[in-house]
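Novice: My structure is below; once you've seen it, I'll send some questions.
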């Protein structure tokens, strides 16, 4: 990814050096979404999946040495149309950084990655009561999909 400088922060791929702060933001999202008691991500796994193996893609928005936000994504290689789908798993900004364009810049990096992959679509989930996120995504071209229900089996 090309570094994207916006205002006084930069959006770039996460590096090993960013792991501690990114993990703290991930914990912040887990608290916000109500699964902190089940949160198991650790530094070693994050390095393996996002830095060494490219199991998923993590972008960060950084101001100097401070990580303000992150977005994690993964690729579904193909589907019915023989094109990949990029799945945005998480996007989270520090509360103090919200309203500064950080989320917009990092979401733009995610959309740019989807285009670079030749993806047919970008897919993500939003909590039903997270109206702020819903408005954000609508403002930036997203729309609620009525085509599918979200199902799961918990093991």
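In the working numbering, the protein residues as written are -19 to 135.
Glycine residues also receive a C-beta, built at the ideal position from the N, C-alpha and C atoms.
In this text, all values refer to a predicted model and were calculated from it rather than measured experimentally.
(1) Does residue 104 come out as helix, strand or coil in the three-state DSSP assignment?
(2) Cutting at 8 Å between CB atoms, please list the residues of its own chain near residue 23, excluding the five before and the five after it.
(3) So within the segment -19 to 50, which uninterrupted alpha helix (DSSP H) runs reach at least 4 residues, ignoring any that extend past its ends?
(4) In the structure shown, what three-state DSSP assignment does residue 124 receive?
(5) DSSP beta-bridge partners for residue 70?
(6) Mapping the DSSP letters down to three states, classify residue 88 as helix, strand or coil.
(7) When you compare the CB of residue 95 with every CB in chain B, is at least one pair closer than 8 Å?
(8) Going by other Cβ atoms of all chains shown within 10 Å of its Cβ, with 16 needed for buried, is residue 102 buried or exposed?
(9) Return the Cβ separation of residue 86 and residue -9 in integer angstroms, given the expectation that the two are a contact with Cβ distance under 8 Å.
(10) Between the segment 61 to 68 and the segment 4 to 12, do at least 3 Cβ pairs fall closer than 8 Å?
(11) Where do the ends of the alpha helix (DSSP H) carrying residue 117 lie?
Specialist: Reading off the structure:
(1) Position 124 of the chain shown holds residue 104. Note: residue 104 maps to strand in three-state DSSP.
(2) The sequence position of residue 23 within the chain shown is 43, counting from 1. Hits under 8 Å: -1, 0, 3.
(3) -1 to 13, 23 to 26
(4) On the chain shown, position 144 is the one that residue 124 refers to. Note: residue 124 maps to coil in three-state DSSP.
(5) Within the chain shown, numbered from 1, the residue matching residue 70 stands at position 90. Paired residues: 52.
(6) Here residue 88 refers to the residue found at position 108 of the chain shown. Residue 88 falls in the helix class under three-state DSSP.
(7) This model lacks chain B altogether, as it is built from one protein chain only.
(8) As a position in the chain shown, residue 102 is number 122, starting the count at 1. Buried: at least 16 other Cβ atoms inside 10 Å.
(9) Residue numbering aside, residue 86 sits at position 106 when the chain shown is read from its first letter. Residue numbering aside, residue -9 sits at position 11 when the chain shown is read from its first letter. 5 Å between Cβ atoms; contact.
(10) no
(11) Here the question's residue 117 lines up with position 137 in the chain shown. Counting along the chain, the alpha helix (DSSP H) containing residue 117 begins and ends at 111 to 119.
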